[in-house]
Amino acid sequence: MLVGFFLLFIGTVLQGAAQNVGMMIASRFILGFGTAFLAQPSPILVTELAYPTQRGKITGFYNTFYYFGVVLAAWSAYGTFSTPKSRKRTAIASILGLFAQWSGNAVISYYFTLVLNTIGITDVSSQALINGLLQIFNWFAAVVAGALMVDRIGRRKLFLISTGGMLCSYIVWTILSSVLAADAAKSRSISSSVETPEIVDIAIIGAGPCALAVAARMRETTPSALFTDAEHQRYHWIKRHKHRVKVVPTKGRATNKILIEDKSEKPCGQTCKVPKYIMAAYDSSGSDWMAKWTCLFRAYDIKTLRTYAYAEGREKEMVKLKGVVGKEISKHHMKKKMKRTPFVNAHTGKSIDERDMQDYYTPSTSLFNDYCKNCVDRYSLNNLVTQTDVHSIEYHEQGIYERPDKCFTIKTSTGTKLARTVVLAIGPGMPAPLPFTSNEAEGACHTSQLLKQECLAPHVKIKVDSKHTTNVIVVGGGLTSAQIVDLCIKKGVSKVWHIMRDNFKIKYFDFTLDWIAKYKNINQAAFWSADTDEERYEMILSARNGGSITPAYKAVLESHQTKGNVLRYTKTQIVGTSWDSTSKLWTIKTEPPIPDLPPIDYIYYATGAKADIKAMPLLKSLLQSHPIETVGGLPCLTYDMQWSKDVPLFVAGRFAGLQLGPVAANLEGARAGAERISWRLQEILEDIDRDGDCNELVDEMDKLRERAERSWTHLNMFDTVSVGGD
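Positions in the sequence shown are counted from 1; adding 439 to them yields the numbering used here.
Right under this line is the structure:
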């Protein structure tokens, strides 16, 4: 401290006696240097020397003596502004200080983070980077525009230029701030009125059979899963004759066999003014149910479906599948033959149960389309489908858009949608990667691309129209490959080379009959009792056994073969391709080699698409936040076909194979999947109470389910349609 006092004394003397700038600078340096020696130890010394009872006051007075010196300095200059020049200088100094504080420099430096947050820069690292660069800019501006320019321009001009520049900057700043505030208010208004979408109870991704089955099932009041075919026949007979038949009072269990009062002869969709659940469907193919299927029927020129079906009143449109069960010899015929030739076993077929002797029919595409339209009209499902591409699905457990409840955000090409539950009812789509490069796309396509293009490529159509020889290759051994072969011949292609890597397999359905016949429960029980999902996956592969062709299309192909328009090669693969963009021809190499294979005009890949849930772009975000185990690309779902017990996303169709078995991708799987999904959906949404006439019908559904759970203890299977206690 003594050193500090000594330096302070010397600096004061030099400052008072200063005759030039050098002495003034030296004195100020000594004063500042000495002050450092005084300012640090002085408070500590005062605190140590002061008596404890007076320490607080003395320490406080120490800081107030600064103002004692300021008062002396201020009053020493009193009266020095009496001259006009002094008044002007004083005014400039005062206004300069006012400008320095009024401009907000101190406020911005203290609240710089809030300023950046206002303009949308919220990242901490970005804010720190901007702050560091801003200080470098300030230092550079102070050196270049201040220290180095003051002698060249002059202090007055430099001050006026700086003040004018700041004025212009603040004007622009004010205008931009006003525009930002107006845009923010407009954005909030738009966000609250337009951008924040209305949340739906059930969002269905897809509009095919599986999606339609779920939507229709959610508006069905008498669930089919509770009744067998025989029970349904009995149930509807009672409904039809309940006003004609006199019910005889009985005792015991029979007293419970009373049909529930049917307060609605029509499904919920026609009687409910407001459906219980708000549903929406999103499909990329069109704004109608079954839009993609309709396009496929038209593109492939499909007349009948492969799936078995039956519709009353339009039997003439049904095509009977001959030889499905009739080709076997029943026990009755076998016994008759045994009586005729008791010592010779003339039976060469497979014996079957006579109860399984039922015919199978396939509907025409027009019949199937009309049936689907009937379902849409019956359950009031019109105007539910929106044509849009779904880009991603995310699940928010903490809510979003100021909604506290859990929900999904579905980002589509037409905006963001909100849903409490989601049903994913789509196929695997186009294979990725495609079996050809983008440069070769002019000469090849996957059959799934025919939805967006003509069957014949432009250069092939030109050759066909000019009656030139055309050669195309169709790769694949499934039903689609046969349909493409037939379509190419009908379009005028000279010759089709049908190549498949496996044997030529003939089947009526994608799988063996024992998975859909009357006693299908045997295989299904074995499937459901499998210990692991890997075992189930092996059963699926075994049942489907690759691609196959129906006997009807086998006859069509053989007809083309007889005419020399089709050449079939089994156990053959393409091992080398070369595309000439000039001649628009392929040079193909196969294994084993095909003799005399000419240059090929076009290649159709009817190879299907591998189902891999992790390869679907729209599920990328969901897989990151809520991963799921897979087997062979199929997700390991819960029994209710739910993603997990915490994520209300349901999967229908082919991706539900580990729960539904080989029939998952077919109409049988669509029906079974809709049953499972609907029960769980209603459990999740049961807390949502909506006003409307549906509430009473939903109570009836709850009673039906309760009776179904206890129906196993009843001796009569028709007790499930009764009312009353046991």
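Each residue gets a CB set at the ideal place from its N, CA and C atoms; glycine is no exception.
Under a three-way DSSP split, which group does residue i fall into?
i: Ile849; result: strand
i: Trp732; result: helix
i: Glu1068; result: coil
i: Cys927; result: helix
i: Val442; result: helix
i: Cys649; result: helix
i: Arg737; result: helix
i: Val582; result: helix
i: Asn695; result: Residue placement at Asn695 is poorly supported in this model, since its pLDDT is 42, which falls under 50; the coordinates still yield a value, given next. Helix at Asn695.
i: Ile961; result: helix
i: Val611; result: helix
i: Phe468; result: helix
i: Ala654; result: helix
i: Asp640; result: strand
i: His835; result: strand
i: Phe950; result: coil
i: Cys884; result: strand
i: Ile901; result: helix
i: Val686; result: Here the model assigns Val686 a pLDDT of 48, short of 50, so the residue's position is not dependable and the matter cannot be decided.
i: Asn984; result: coil
i: Ala720; result: strand
i: Ile791; result: At Ile791 the pLDDT is 45, less than 50, meaning the model places this residue with poor confidence; the figure from the coordinates comes in the next sentence. DSSP places Ile791 in strand when its eight states are reduced to three.
i: Ile1166; result: Any property of residue 1166 remains undetermined from this structure, which presents the chain solely from 440 to 1165.
i: Arg1115; result: helix
i: Glu1107; result: helix
i: Gly854; result: strand
Between the options, which has its C-alpha nearest residue i's C-alpha?
i: Val862; options: Ser920, Met605, Met440 and Pro1087; result: Pro1087
i: Cys884; options: Tyr1044, Arg1110 and Val914; result: Tyr1044
i: Gly725; options: Ala456, Lys944, Glu1114 and Asp828; result: Asp828
i: Gly1024; options: Leu952, Leu926 and Ala896; result: Before going on, a small fix: residue 1024 reads as Leu here, not Gly. Closest by alpha carbon: Ala896.
i: Leu1062; options: Trp1082, Thr1077, Tyr1078 and Gly1047; result: Trp1082
i: Gly882; options: Phe468, Leu447, Leu1058 and Ile1027; result: Ile1027
i: Phe444; options: Gly461, Pro480 and Ala457; result: Pro480
i: Ala1225; options: Asp809, Ser1020, Asp925 and Pro990; result: Because the chain here runs from 440 to 1165, residue 1225 falls outside it and cannot be looked at.
i: Cys649; options: Arg1093, Leu1120 and Ser565; result: Arg1093
i: Tyr947; options: Val935, Ile832 and Gly986; result: Gly986
i: Gln826; options: Asp562, Asp727 and Leu806; result: Asp727
i: Ser831; options: Gln837, Thr855, Asp640 and Gly916; result: Thr855
Distance check for residue j and residue i, CA to CA, integer angstroms please.
i: Val783; j: Asp972; result: Note that Val783 scores a pLDDT of 44, beneath 50, so its modelled location is shaky; the value from the coordinates is reported in the next line. Roughly 48 Å between the two C-alpha positions.
i: Gly931; j: Ala994; result: 19 Å
i: Lys690; j: Leu918; result: Annotation note: pLDDT 49 at Lys690 (below 50); position unreliable, no value reported.
i: Ala982; j: Lys845; result: 40 Å
i: Ser905; j: Val1005; result: 21 Å
i: Met440; j: Ile464; result: 23 Å
i: Ala921; j: Tyr992; result: 7 Å
i: Trp1118; j: Ile643; result: 16 Å
i: Gly1015; j: Glu1030; result: 9 Å
i: Ala654; j: Met718; result: 8 Å
i: Lys902; j: Ser968; result: 57 Å
i: Cys814; j: Leu889; result: 28 Å
i: Ala864; j: Val914; result: 28 Å
i: Glu1167; j: Thr474; result: No information on residue 1167 is available, as it lies outside the stretch 440 to 1165 that the chain covers here.
i: Tyr501; j: Leu511; result: 17 Å
i: Phe448; j: Ala478; result: 15 Å
i: Ser819; j: Thr804; result: 22 Å
i: Thr853; j: Glu637; result: 14 Å
i: Pro1101; j: Asn960; result: 13 Å
i: Leu606; j: Leu597; result: 14 Å
i: Asp590; j: Leu619; result: 40 Å
Pull up the CB-CB distance for residue i and residue j, whole angstroms please, since I reckon it's below 8 Å.
i: Gly1112; j: Met1080; result: 6 Å
i: Ile988; j: Tyr1008; result: That pair is no contact at about 15 Å.
i: Leu1124; j: Arg859; result: 7 Å
i: Ala646; j: Val824; result: 5 Å
i: Cys811; j: Met729; result: 5 Å
i: Leu857; j: Thr851; result: Not really, about 11 Å apart at Cβ, beyond 8 Å.
i: Ile469; j: Leu453; result: 7 Å
i: Trp954; j: Asn962; result: 5 Å
i: Thr975; j: Leu1057; result: The question names Thr, but residue 975 is Arg in the sequence shown. Their Cβ separation, rounded to whole angstroms, is 25 Å, which puts Arg975 and Leu1057 out of contact at 8 Å.
i: Thr498; j: Pro482; result: 7 Å
i: Met657; j: Leu1120; result: 7 Å
i: Asn821; j: Thr733; result: About 16 Å; that fails the 8 Å criterion.
With three or more C-beta pairs closer than 8 Å as the rule, is the region 904-913 touching the region 1034-1052? yes
Under 8 Å, with one C-beta from each stretch per pair, do the region 1068-1078 and the region 1045-1057 reach the 3-pair mark? They touch, by the three-pair rule.
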